[in-house]
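*Asks:* The sequence shown begins at 26 in the numbering used here and counts up by one. The beta carbon of each residue, even a glycine, is placed where N, CA and C say it ideally should be. Predicted model only: the values in this text are computed from it and were never measured. Before I ask anything, here is the structure I am working with.
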Amino acid sequence: MYLDHDYIVDQVFWQHSALLADRWDARDFADELYPERAQILRLGENGVRRLAPWLNELVALSADSPSPERFHRMQALLFAVLDVVRPHVVTTPIRQIEARRGAIRRRFAPLRAEARTVARLLRAEPARRWRLADLAAVVHLSTAQMSRVFTKAYGQTPIAYLATVRVETMTRLLRETDLPVGS
């Protein structure tokens with residue numbers, strides 16, 4: 026059975042979202058969690074007998090070109106297979122990874138209005154030359170306090186967040202337009 030690495034990274038991201046900040050973090054985490062990408066699993070006769078109907082149906086659904094209408098059935102079959110296979114997969118214990126990475130990254134929590142406002146401003150005008158003092162003035166906080174509030178909410182400084190927004194915007198423009206690269 027072959028699973029695309031990007032697909033696995035997405036699943037790891039959602040499975041361990043309390044530990045991970047973003048998909049780049051999930052990629053590194055998946056590489057640590059699954060030290061051996063290719064593994065031979067010995068499930069025994071009962072395990073194989075249990076998986077056979079699901080695998081046969083999964084193969085039948087994906088043989089030619091998978092139908093978008095059957096996507097959820099394919100997902101359900103795959104997850105049923107993974108539920109049986111998972112205990113046999115060699116992984117690094119999560120606690121060991123957490124210790125190496127400095128424990129849990131962040132937990133989802135309500136965002137302060139000031140942090141949401143700053144993020145909205147940065148997303149609305151990514152090309153603008155934003156200064157921390159300007160952002161702080163808009164939300165009526167000191168520059169240091171605004172930066173702390175934002176970093177706690179989004180896991181990165183406002184300037185790092187702006188850089189991410191700019192890269193996302195650039196990626197979208199490169200994909201969706203014929204605009205030249207350059208200034």
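Given this structure, state the Cα-to-Cα distance separating Val206 from Thr196, to the nearest angstrom.
*Replies:* A direct Cα-Cα distance of roughly 11 Å separates Val206 from Thr196.
*Asks:* Which residue wins for smallest C-alpha separation from Arg141, given the options Val174, Val34 and Val114?
*Replies:* Val174
*Asks:* Below 8 Å on the Cβ atoms is my contact criterion, and I expect Val110 with Leu66 to pass it. Report the Cβ-Cβ distance as a whole number of Å.
*Replies:* 6 Å
*Asks:* Spell out a yes or no on whether the stretch 66 to 86 and the stretch 35 to 46 are touching, meaning 3 or more CB-CB pairs, one atom from each, closer than 8 Å.
*Replies:* no
*Asks:* In terms of residue numbering, what span does the alpha helix (DSSP H) encompassing Trp155 cover?
*Replies:* That residue, Trp155, is in no alpha helix (DSSP H); it is neither H nor E in DSSP.
*Asks:* Looking at C-alpha atoms only, which residue of Ala169, Glu150, Pro151 and Ala152 is the closest neighbour of Ala158?
*Replies:* Ala169
*Asks:* Below 7 Å CB to CB, which residues in the same chain sit around Arg131 once its five sequence neighbours on both sides are set aside?
*Replies:* Bear in mind that the predicted position of Arg131 carries a pLDDT of just 48, short of 50, making it too unreliable to give a figure here.
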